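Reading through the structure tokens given below for one structure.
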Amino acid sequence: MEHHDSEKDHHADGISRRQILILGAIGLTAAAIPASLLTLNRDSDALTQKLVGLLNNPESAAALGNRWLEETKAHPSLAGMSQKIAKRLRASGLTPESSLAQMHEILAAHVRKDFVKNDMVEIENWQLSRTEAELCILAALSLAPHGEGHEAPAEPEVTESHPA
Amino acid sequence: MFIDGRNVPDGTFIETDLAIIGAGAAGITIARELSGSGISVTLIESGGFDFDAEVQNLYDGESVGVPYPIDTSRLRYFGGSTNHWGGWCRPLDEIDFEARDWVPHSGWPITRKQLDPFYARATEVCQLGSNDFDNAEAWSNDGKNRVMAFPGGDVVTRFFLYSPPTRFGQKYRNDIGTAPNITTYLNSNVTEIVPDETGRTVERLTLATLTGHKFEIRPKTCILATGGIENARMLLLSNTVAKAGLGNGHDNVGRFFMEHPHVDGPAQMVFTDTSSMAAWYPARVDYGNIHVRGVFMYGPDYMRREKRVGTIMTIHRKRVIAAGDPMLDDGTEPLERAMLNVTRSTTSTRGADENLGLLFGTGCATEQAPNPLSRVTLSDEKDALGLPRSRMDWRLTFEDRENLRLNFETLARAFGRWGEGRVKILFASKPVWEEAEGWGNHHMGTTRMTSDPRTGVVDADCKVHGMSNLYVAGSSVFTTSGTINPTLTVVALALRLADHIKTIYEEGA
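Chain order of the listed sequences is A and B.
For what it's worth, the numbering used here labels the leading residue of the first sequence as 1068, then goes sequentially.
For what it's worth, the numbering used here labels the leading residue of the second sequence as 3, then goes sequentially.
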């Protein structure tokens, strides 16, 4: 059996039920954030810009994010995803006043913490931290052609089922 | 002295203190240890000094479980399967000998510590040049080669030392041939180990050659050392007196067959820190006559905490990944480059660099948990001597497969915590393991060592339970397989058995 050559087979089999749940939670919970938590669009855009600015090559990260979007058929909103990541990083010390260097430190610590907690997301068999995966999705949404990804389509409201 | 069994007259019987059936790593080691001891030793080998297809065909058999190459995974001539082994050596770990409550049927009646002195001697027999396996400092090349220190200790670096590899039949042929107390019968096949009427004491061995000669050997003590499949077969077909076969009063002979399932390319890894990849990870490195290879294994605390069995991973360099590499044919970004860019944005401490990192492939071998349904029995087919061939029913379970998959997820966690790499797992989670991607030609467990006769075949001295003078040598006595290539342990156990035999004869004298 040429196991390593059948990439498509691996793709089909390579995501465990647990991980599908994790993937689903990321996408669906983005839509579950109450509107009151969302800031004004202008602030949201600024937040997105800051978060995407943490990536040294957003186009490259977007490649992973796009694969995730294709795999899951999810439609998270750009603003929702920004808020989700920010909320997560705030728990690790992020403030509006955090400098870029501080943001990088907070992000690194949080990503490591994801791995410690086994909070991983699988994209095309690559094992990413949950926060990393969300940043990749954010990059994909922010680089999508105008009108795609910036508005969240109607989605059922669900309770977040995975620890944030 | 070497005697060709085809020249022994029909009806001859030969008396000896000790008969050793099989001249492979175990048989040759025991014979050498007893050289000049005053014990008359008769070493019996099915083949000659070279490969012979007709002799090799005696190893053919049926495979009815997970497909297994029962004929080509071993060699039947002087030196046995050391004529094709790869030379990878390392002792089993302490935890491998322990009774682990999450591994049914685990627990050897001996410890690693008890075996340590014999491992030390075995490294000399196997020409390793050192007995210091995990001395990373000695292999550091003035600090250039460093162990990858993953936080948490779940994934650790361990070292294999390579045998040249020692071809026991060539290397030790002269020792065996010139020993005054050792007579070796070549081209001679034991067709049955015949006990007395009580079934508890071996009385004689019946032998036959492919040319039709028949003769007997009458030993005071007998050691069966024909390999992990053939040892079980020999006991099962020795059924004139004990109808279920010798040592098989509790139906354990042939059960618990274990291999080390190998998977080629189960994962890939990217590293941002190219300097972290010491030379001995992706290739063998030679330090004089010592040959070293670093591998990833799993720490004992991790295995206890997560209730896992072990896996060994080797690493193979694939290529450098640069920022300027072309896009894929469909215009999209290669994901290994994307992964490196993301890693460099999150946890990596590396600065900007045109070369983003390296892509590595892996290979792995994993422990198979003991399973009584994985077994060797006798086939209805007969070989050229009229003896039933082996029927191999190798079974791999969902748990074996899931364990390996979970170990790879642990590897991914370790890389993430470390911060300079990420892992792509290609080994799929599936409900069944109907087909092994590979194997190690490691045949273990079919005459397992236990203190309780109800759960195994041999005792801590390798003596067959319920028999007074029959011993088994080789990897068939392994109670559990660990993840390590078995030859060094086979030789260590053989040295221990040789000491035991010497003691018996000294006490008897």
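Note that the Cβ used here is the ideal one computed from N, Cα and C, for glycine as well.
Everything numeric in this text was worked out from a predicted model, so none of it was measured.
Asked, Found
"For B/C366, the three-state DSSP class (helix, strand or coil)", "strand"
"Residue-chain proximity (B/E335, chain A), Cβ-Cβ < 8 Å", "yes"
"Under 8 Å from the C-beta of A/A1168: neighbouring residues of chain B", "Near A/A1168 there are no residues of chain B at all, since even the closest Cβ is about 13 Å away, more than 8 Å."
"Selected residue, minimal CA-CA separation from B/L497, among B/W420, B/R403, B/T31", "B/T31"
"Short Cβ contact (8 Å threshold) for B/G290 with B/T345", "no"
"Residues of its chain near B/R202, where Cβ-Cβ distance is below 8 Å and the 5 sequence neighbours each way are ignored", "G468, M469, S470"
"Residues that DSSP places opposite B/G63 in a beta bridge", "B/S392"
"Contact under 8 Å by Cβ, B/H262 with B/W90", "no"
"DSSP-derived helix/strand/coil call for A/C1203", "helix"
"Residue nearest to A/A1113 in terms of C-alpha spacing, selected from A/A1130, A/S1159, A/E1191, A/A1153", "A/A1153"
"Proximity of B/L380 and B/P390 at Cβ, strictly below 8 Å", "yes"
"Short-range partners of chain A found in the stretch 336-350 of chain B, where Cβ spacing is below 9 Å", "P336, L337, E338, R339, A340, M341, L342, N343, V344, T345, R346, S347, T348, T349, S350"
"Cα-Cα separation between B/G359 and B/N343, rounded to whole angstroms", "9 Å"
"Beta carbon of B/I231 nearer than 8 Å to that of B/Y473", "no"
"Contact belief for B/E100 with B/G109 at Cβ below 8 Å, rounded distance in angstroms", "6 Å"
"The alpha helix (DSSP H) enclosing A/H1171, as first and last residue numbers", "1167-1183"
"Rounded C-alpha distance that separates B/A324 from B/L408", "31 Å"
"DSSP three-state assignment for B/T449, whether helix, strand or coil", "coil"
"Contact under 8 Å by Cβ, B/V378 with B/C128", "no"
"CA nearest to the CA of B/R403, picked from B/W420, B/L428, B/F417", "B/L428"
"Rounded C-alpha distance that separates B/A55 from B/R78", "9 Å"
"Residue-chain proximity (A/W1135, chain B), Cβ-Cβ < 8 Å", "no"
"Alpha carbon of B/T18 to alpha carbon of B/D382, nearest angstrom", "34 Å"
"Members of the stretch 1176-1187 of chain A that neighbour chain B once the beta carbon cut-off is set at 8 Å", "V1178, R1179, D1181, F1182, V1183, N1185, M1187"
"Beta-carbon proximity check, B/R92 vs B/I486, cutoff 8 Å", "yes"
"Distance, B/V466 Cα to B/A210 Cα", "24 Å"
"Three-state secondary structure assigned by DSSP to B/L226", "strand"
"Whether B/E47 touches B/Y187 by CB criterion (8 Å)", "yes"
"contact_flag[the stretch 298-308 of chain B, the stretch 151-169 of chain B] where n(CB pairs < 8 Å) is 3 or more", "yes"
"Pairwise C-alpha distance: B/S190 and B/S478", "22 Å"
"Partners in chain B for A/S1149, counting only beta-carbon separations shorter than 9 Å", "Ordered by position in chain B, no residue passes the 9 Å Cβ test against A/S1149, which lies about 16 Å from the chain."
"Meets three-Cβ-pair contact criterion under 8 Å: the stretch 39-53 of chain B and the stretch 177-185 of chain B", "yes"
"Contact with chain A by B/K536, beta-carbon distance below 8 Å", "The structure shown does not extend to residue 536 of chain B, since chain B spans only 3 to 511, so no value can be given for it."
"Every unbroken beta strand (DSSP E) within the stretch 181-210 of chain B, with a cutoff of 3 residues, ordered by chain", "184-188, 191-197, 204-210"
"Residues that A/L1122 contacts on chain B, provided the C-beta gap is smaller than 8 Å", "N343, V344, S347"
"Candidates B/K432, B/A416, B/T348, B/G476, of which the one nearest A/E1172 by Cα", "B/T348"
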